[in-house]
Structure formats: structure tokens, C-alpha cells
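*Asks:*
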Amino acid sequence: MRITVVGQGYVGLPISVCAAEAGHTVFGFDIDQEKISKLKLGITDSPEVSIDRLLDLQLKNNIKFSSSINDGSGSSIFIIAVPTPLNSKQKPDLSFLKSACELIAQVVGPSSLIINESTSYIGTLRDLIKPIIDKLSGLLDLNYAVAPERIDPGNKVWNIKNTPRNVAGLTTVATQQTADFYTSFCDSVNVVSSPEVAECAKLFENTFRQVNIALVNELSEVANKLNFSTHEAIMAAATKPFGFMPFYPSVGVGGHCIPVDPSYLSYSAEMAGIDAKFIKLANQVNSAMPKILKERIKECLDGDLRGKKIQIAGISYKPDISDLRESPALDLVKELETSGAIVSWHDPFVEEYDGRMSVLLSNNIDLGLIITPHSQIDFSIWKKANVKVLDLSANSNNYGWPKFL
Ligand SMILES: NC(=O)c1ccc[n+]([C@@H]2O[C@H](COP(=O)([O-])OP(=O)(O)OC[C@H]3O[C@@H](n4cnc5c(N)ncnc54)[C@H](O)[C@@H]3O)[C@@H](O)[C@H]2O)c1
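According to my numbering, the stretch in the sequence shown is residues 60 to 464, in order.
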């Protein structure tokens, strides 16, 4: 089949590659011309896709990247994989999604299938995507479905192929076509009864994480005051073989999913006249962590951060990827600097951020903070020099220092 994937980011690119490797002819479209130029050369930030795979698929004409939507005409399936962030009022910003629909409407042909993979509020497919594309294309026989993406960029175990995929269409035909398409490269496809169920499942998965992370972040404050290790208490609780799932405290939540998706669920709740209290509270608890930690770090530096040299290991939002979106490490940097600390950071995945460069780990510092422990960071310089280090990472590995949270 000929497939157009709209958006070539962390979600769209791996889907394009998997579909192309499954034998479909893929057109990878993105409005970002620089990204498209890089993809043509095999260059990408996505940890899922290697340069060899990208070049090989292009050489065989299995995949073509372009920033002209006209190349998508003649496709039988259009997949939407564009950002769905929050606006300044923490409400859904659907501008990218709407513009993707407008572009698809320019080239979509009769009876095509449109699948939304972007995360959005419950009812987006039925109430927003379908009306825009139907109206602008003038076609009344289009098929619509959702297949919310669950990718965890950088995860070495779970990927697009082996992570079960929830799918649902607005009609039986759309559902069947969508299930058939994903079956061509996913091991397990779970058909649910409506797009709203699939949209809700996606939001709920990430809200479950957000709320549980907030819970352990709150527990870490209790443990700190009562002078025991939260990690040890959680690991002890996790020896219960049923009814418990461990989450670990950290500087907060980052990325394009956990800090964002719950607010899409609370928006759906608000539309239904319900106040989603848990989500608000979890957002508050998680986003307060950098401030709380600043105070705790200050205590470890004689109660004064002014002039103290602090170095951070890892500023992206999770290990082994370069994604800085919503990274709570950036908030901690701001907090520490506002109180007079001299902060530098080392991140092998982030060469430059906000005009500042990553620097090598140094032993000439007052404090080292482990926030995002990328597997290639070598901590030996801190160890050899007996640098004072606080491990703030949620990661279960021990890098030679006890967990601080
Ligand atoms: N990143 C994740 O881990 C992840 C996991 C599951 C689901 N999601 C969801 O998937 C969606 C995409 O997220 P992402 O992380 O891939 O974002 P991303 O920013 O990495 O990529 C999105 C791409 O879409 C492009 N784009 C924006 N508007 C466009 C348009 N109108 N037409 C064509 N291209 C356009 C951007 O240039 C960008 O390259 C979001 O809804 C997100 O919540 C993300």
C-alpha cells in the first residue's frame, strides 16, 4: 500500500520506517524542511532508526521524504503524527493537528483511510479531524480511525513491533483496514469498540504514570523528613508479588507525554463537567520538585548556594535520548542559578542548549548531581576525586552513591 505519514518526529519516523520495511511504499512528510533534508542524508535524533536503515530504504525507493504534501497524492492511508502540546493556559494546542488535517484534505483521494496516532483529547477523531477533512476535501466516503502511539523512545525492550497497539475506527470497515495495516508490522493489535476508548486508553496510561510519580515524589519528602531512603522503602514494598508496581522519585516528569497527556484527559473531564482533581494535584506535586530539591541541595551545601559550583550529569528528560522537551532538569538549573549557584552540565546527547554547551565532567566542583544517567556517562572522574555527589535519578542503577530521593 502507499502510505503518507504526516510528521517525521519521534513517532512519525519510526512508523514510516516500520511500514516501509513491512513492504509498503511510504511517503514521509514534514513541514520542517531542515528535518527533511537531514532525513534524506540519513540523519535523525530518533534512537529507533539507524542511518543505515534510512539510507537503505531510500535507495530501494521504499521510502521517500519530502516537505511537499503533493507527494502524498495517491496514498490509500494517511497517518497523522504531529505534536499535540499544551498552550500557555495548559489547554490542548491543536494547531498542528488542524494544519495536518488541512494539508491531508488537499491531496486525499476517495475511500482513503486516515489514522490519527497523535495523542489528543477524547473525541478528537470524530469531532475535529473528520469534520475538517470531510469539509475541505469535499469527499464523503473517507474512512477514519485512531491507533494511538505508545512508543518509548530509547527503550531497548519495547518497540513499535512488540508493543500491543489499540485501534478503532469510526466504521467497521475503517477498524478492519486499520487492524490489517498495523498487523503488517505489529505483533499484537487490540481492536476496541470505539475511537473514544482508544483515545482514552492512551491518555489514561500516561496519567497513571503521572499520578504515581507524583505519589512517590510526595513520599520522598516524607522520607527525607523522617530520615530514611524512599528508594529502599519502595523496593521493599515491591517485594509484594501482587497489587503493587514500583515508581521512583525524581526531579519531575519530562518529555512530550507524561507532563502533557494528563492535561488532555483533564480537558476531556472538564468538557464533561467533571473536575479531574487527581491530575491537577499530580501536576502541582511534580512541578514543585525542582524548587523542593533546590532547598534540599542548599542544605547539603552549608545552606548557601551563592558561588557554589554545581555540575549536572544529564539534562535531557530521560536516559539515552536527546529530547529536552519539558525536561525538569532545566527547571532545576534555573532554580539553582536564581539562588546564585554556578551551574554547568554534561550531556553526551545534548551538545548545546539555549546557547550553552555541554562540558566534560569536572572534579573542580562543589557538588555533582546525577539527573539523567545516560549509559555512556563515565563517572570515574567524580569517583576518583571523591566529589560530593547526589543521585537524583529515578533510575534503579546505583552509580556508586546512595539515592538521594
Ligand atoms: N515522543 C513520544 O515519546 C511520544 C510517544 C507516544 C505518543 N506521542 C504523541 O505523538 C505525537 C507526535 O509526537 P512526537 O514526539 O513525534 O513529536 P515531534 O515534535 O518529535 O515530531 C512531530 C513532527 O511533526 C512535524 N509537524 C508539525 N506540524 C506538521 C504539519 N502540519 N504537517 C506535517 N508535519 C508537521 C514537526 O515538524 C515535527 O517534525 C504527539 O501527539 C505526542 O503526544 C509521542
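Cβ atoms here follow ideal geometry from the backbone N, Cα and C, with glycine treated the same way.
Just so we're clear, the structure is a prediction, and the values are computed from it rather than from any experiment.
1. Assign residue 236 to one of two classes, buried (16 or more other C-beta atoms within 10 Å of its C-beta) or exposed (fewer than that).
2. Taking DSSP as the reference, what is the three-state secondary structure of residue 447?
3. Using a 10 Å radius around the Cβ and a threshold of 16 neighbouring Cβ atoms, would you call residue 361 buried or exposed?
4. Among all the DSSP beta bridges, which residues are the ones paired with residue 405?
5. Could you name the residues of the same chain whose beta carbon sits closer than 7 Å to that of residue 125, not counting the 5 residues immediately before and after it, in chain order?
6. If I measure Cβ to Cβ from residue 110 and keep anything under 6 Å in the same chain, skipping five residues before and after, which residues do I get?
7. Taking Cβ positions, are residue 249 and residue 225 nearer each other than 8 Å?
8. If I follow the unbroken beta strand (DSSP E) through residue 355, where does it start and stop?
9. Once you ignore the five residues that flank residue 212 on each side, which residues in its own chain have a CB closer than 6 Å to its CB?
10. Report the residue ranges of all beta strand (DSSP E) runs contained in full by the region 200-272; include only those spanning at least 3 residues, in chain order.
11. Under the three-state reduction of DSSP, which class applies to residue 129: helix, strand or coil?
12. Within the same chain, show all residues whose beta-carbon is closer than 7 Å to that of residue 256, passing over the 5 residues directly before and after it, in chain order.
13. Enumerate, from N- to C-terminal direction, the unbroken beta strand (DSSP E) stretches of 3 or more residues contained entirely within the region 135-182.
14. Going by DSSP in three states, residue 385 sits in which element: helix, strand or coil?
15. DSSP beta-bridge partners for residue 416?
16. Starting from residue 428, follow the beta strand (DSSP E) in both directions and report where the run begins and ends.
17. Going by DSSP, what residues sit across from residue 298 in a beta bridge?
18. What would DSSP say about residue 71, mapped onto helix, strand or coil?
19. For residue 64, name the three-state secondary structure that DSSP assigns.
20. From residue 401 to residue 164, what does the alpha carbon distance come to, in whole angstroms?
21. Compare the beta carbon distance of residue 378 and residue 315 with 8 Å and say whether it is the shorter of the two.
22. Is it the case that the Cβ atoms of residue 254 and residue 184 are separated by a distance below 8 Å?
*Replies:* Result, derived from the coordinates:
1. Taking the sequence shown and counting its residues from 1, one reaches residue 236 at position 177. Buried, since its Cβ has 16 or more Cβ neighbours within 10 Å.
2. Within the sequence shown, residue 447 is the residue found at index 388, counting from 1. If DSSP states are grouped into helix, strand and coil, residue 447 belongs with coil.
3. As a first step, residue 361 is located in the sequence shown; it is residue number 302 there, counting from the start. Looking at its Cβ environment, which holds fewer than 16 other Cβ atoms inside 10 Å, residue 361 is exposed.
4. As a position in the sequence shown, residue 405 is number 346, starting the count at 1. Note: residue 405 sits in a beta bridge opposite 372.
5. Within the sequence shown, residue 125 is the residue found at index 66, counting from 1. Excluding sequence neighbours, residue 125 sits near 86, 88 and 95.
6. On the sequence shown, residue 110 is found 51 positions in, with the first residue counted as 1. Cβ within range, chain order: 101.
7. Stepping through the sequence shown from its first residue, residue 249 is reached at position 190. Stepping through the sequence shown from its first residue, residue 225 is reached at position 166. Cβ distance < 8 Å, so residue 249 and residue 225 count as in contact.
8. Locating residue 355 in the sequence shown gives position 296, where the first residue counts as 1. Residue 355 -> not in any beta strand (DSSP E); alpha helix (DSSP H) instead, spanning 348-359.
9. Counting from one through the sequence shown, the residue named residue 212 turns up at place 153. The answer, listed in chain order, is 69, 106 and 380.
10. 202-205, 224-228 and 248-250
11. The residue labelled residue 129 in the question sits at position 70 within the sequence shown. Residue 129 falls in the helix class under three-state DSSP.
12. Numbered from its first residue, the sequence shown carries residue 256 at position 197. The residues are 227.
13. 136-139 and 172-175
14. Here residue 385 is taken as the residue at index 326 of the sequence shown, counted from 1. It is coil, neither helix nor strand.
15. The sequence position of residue 416 within the sequence shown is 357, counting from 1. DSSP, once it has assigned bridges, lists 411 as partnering residue 416.
16. If you number the sequence shown from 1, residue 428 lands on position 369. 426-429 is the span of the beta strand (DSSP E), which, as asked, contains residue 428.
17. The sequence position of residue 298 within the sequence shown is 239, counting from 1. Note: residue 298 sits in no beta bridge, so no partner.
18. As a first step, residue 71 is located in the sequence shown; it is residue number 12 there, counting from the start. Of the three classes helix, strand and coil, the one that applies to residue 71 here is helix, per DSSP.
19. Indexing the sequence shown from 1 puts residue 64 at position 5. It is a strand residue.
20. The sequence position of residue 401 within the sequence shown is 342, counting from 1. The sequence position of residue 164 within the sequence shown is 105, counting from 1. Rounded to whole angstroms, residue 401 to residue 164 spans 52 Å at the Cα level.
21. On the sequence shown, position 319 is the one that residue 378 refers to. On the sequence shown, position 256 is the one that residue 315 refers to. No, these two residues do not count as a Cβ contact at 8 Å.
22. For this step, residue 254 is matched to residue 195 along the sequence shown. For this step, residue 184 is matched to residue 125 along the sequence shown. Cβ atoms of residue 254 and residue 184: closer than 8 Å.
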